[in-house]
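Read the structure below first, then the notes.
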Amino acid sequence: MTTKTPTAPAQTWKQLVLLAVLGTAACVGLSLALNYLLLFSDSLTPFGRGAVTAIVVPIVIGLPLFALIGWQQSEIRRYRQELTRSGTYDQLTGCLNGKVFTSMVDRRAQRPAGPRSGAFLVIHPEHLASINLRFGLEWGDEALRLIASAIRSAVRKDDLIGRLGTSMFGVFLPGASEEDAKDIGERIRGTVGEIYFAPKGDKDVLAIKVGGVIFERELDFEDMFRFAEEGMAEAADEAGLRLSHVTN
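The numbering of the sequence shown is full-length UniProt numbering, which starts it at 1 and goes up by one.
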């Protein structure tokens, strides 16, 4: 014969009922004990005894109870914020994750208001596979974190940064001109090149390859990514910045 074990919801309800019963019994017991003690106080009138009971019991019961409720609500808010962040941002780099980044770019392209022109950059870290092989995956992750930090420091406030795949970044520049895109791309390259990176004490140089597309009317994400990748593939300089143009 097999015995059924209580399910998680059933156990939770049992715990809640038990807590409610015991808590109520404790409150009733406290109130009765206080009233019993006050009966032997000759210095208090019946009204005074009632006033003491009316003040002391709510303080003793309500203060810790509401403090506990407030603390639990703050914890719930914190857990919700962490859950929202973990579902929105890449945990390694702090950039938007690929799914959220793609969705936000597509939503901007579909909205009627706001700038219609702009630019989109694709950033490939160079020699990342070599770093992983020589120093280990943890140093490859550290290189990605440093590059992501450099990208964030080089872009404008309203630009979007996302991690695409395992070792690639996308930067959406709404309203950016060709000059803006070049300045931002070169600033990112320069900032990455200045990073001090010394895995296991061996100084190494971080480098990136940047490709991009300039558009007059916003494209969807897939088209932006394709044009930017094609422009990068056509670049003669491996570490250079190549921007293609789309007139749509």
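Quick reminder that beta carbons are idealized off the backbone N, C-alpha and C, glycines included.
- Secondary structure remark: continuous beta strand (DSSP E) runs of at least 3 residues inside the stretch 68–150, in chain order: 118–125.
- Closest option to Pro199, judged by alpha-carbon separation, among Ser130, Leu121 and Glu222: Ser130.
- The C-alpha of Leu19 lies about 33 Å from the C-alpha of Pro46.
- The three-state reading of DSSP puts Arg217 in coil, since its state is none of H, G, I, E or B.
- A check of alpha carbon separations from His124 across Gly136, Leu133, Arg107 and Ala143 identifies Ala143 as the nearest.
- Around the beta carbon of Val192, 16 or more other beta carbons sit within 10 angstroms, so the residue counts as buried.
- Pairing Phe101 with Gly162 gives a Cβ-Cβ distance under 8 Å.
- In this chain, the beta strand (DSSP E) harbouring Arg163 covers Leu160 to Leu164.
- Within the same chain, no residue comes within 7 Å of Gln11 by CB-CB distance, once the 5 residues on both sides are set aside.
- Residue pairing for Met168: DSSP places it in a beta bridge opposite Leu164.
- A straight-line Cα-Cα distance of about 14 Å links Ala33 and Thr24.
- Taking 8 Å as the cut-off, the beta carbon of Val210 is found no closer than this to the beta carbon of Phe227.
- Nearest Cα to Gly29 within the set Phe172, Val122, Val57 and Tyr89: Val57.
- Non-local beta-carbon contacts of Ile188 in its own chain, meaning distances under 6 Å to residues more than five positions away in sequence, involve Ile151 and Ala154 in chain order.
- The DSSP-derived three-state label of Leu173 is strand.
- Taking a C-beta distance under 8 Å as the contact criterion, Phe120 and Gly170 qualify as a contact pair.
- When C-alpha distances from Ala26 are compared across Tyr36, Ile61 and Gly48, the shortest belongs to Ile61.
- Beta-bridge annotation (DSSP): Ser244 is paired with Val213.
- With respect to the 8 Å criterion, Ser117 and Arg217 are classified as neighbours on the basis of their beta carbons.
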